[in-house]
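Enquirer: Offset between the sequence shown (1-based) and our numbering: plus 119.
Here it is, the structure in full.
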Amino acid sequence: MLARSRTSPDSIYQKAALAITTGDLLTKVNFNNGAKSQRYFRVFRDNSLRWAKKEKDLTNPKVYKSCSLASVKGIVYGKASKRMMKSAKQLDSWLCFSIIT
Numbered sequence: 120m121l122a123r124s125r126t127s128p129d130s131i132y133q134k135a136a137l138a139i140t141t142g143d144l145l146t147k148v149n150f151n152n153g154a155k156s157q158r159y160f161r162v163f164r165d166n167s168l169r170w171a172k173k174e175k176d177l178t179n180p181k182v183y184k185s186c187s188l189a190s191v192k193g194i195v196y197g198k199a200s201k202r203m204m205k206s207a208k209q210l211d212s213w214l215c216f217s218i219i220t
């Protein structure tokens, strides 16, 4: 019989923290017009979520866009907003989320 290995909560947290602080390239759907664009996202130590076209631009305040994590009221998973349902039809729902500020 094979036993499934259990992953400790600390290990899961460490992996998630690493992914958040190293960043990733995501498809951003504009709330106002539904336009889709590739943006690099990363959480910084100042508790801001920053995004830009290029990873190197995440440190240039003249180029990147940002959102303070303190202003986030919630995260909704899936295609929950009207804009996401209308504009992101070709994206898998399980890969989608909306940040509510």
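Here a beta-carbon is modelled for each residue, glycine too, at the ideal position from N, C-alpha and C.
From a predicted model like this one, the values you see are computed outputs, not experimental measurements.
So is R164 buried or exposed if we call it buried at 16+ other beta carbons inside 10 Å?
Expert: That one is exposed.
Enquirer: Between which two residues does the alpha helix (DSSP H) harbouring S206 extend?
Expert: Start and end: 201-206.
Enquirer: Would K155 and S206 qualify as a contact pair, given that the criterion is a beta-carbon distance under 9 Å?
Expert: Going by C-beta atoms, K155 is nearer than 9 Å to S206.
Enquirer: To the nearest angstrom, how far is it from the Cα of V191 to the Cα of W170?
Expert: Taking the straight line joining both Cα atoms gives about 15 Å.
Enquirer: Classify K134 as buried or exposed, calling it buried when 16 or more other Cβ atoms lie within 10 Å of its own Cβ.
Expert: With fewer than 16 other Cβ atoms within 10 Å, it is exposed.
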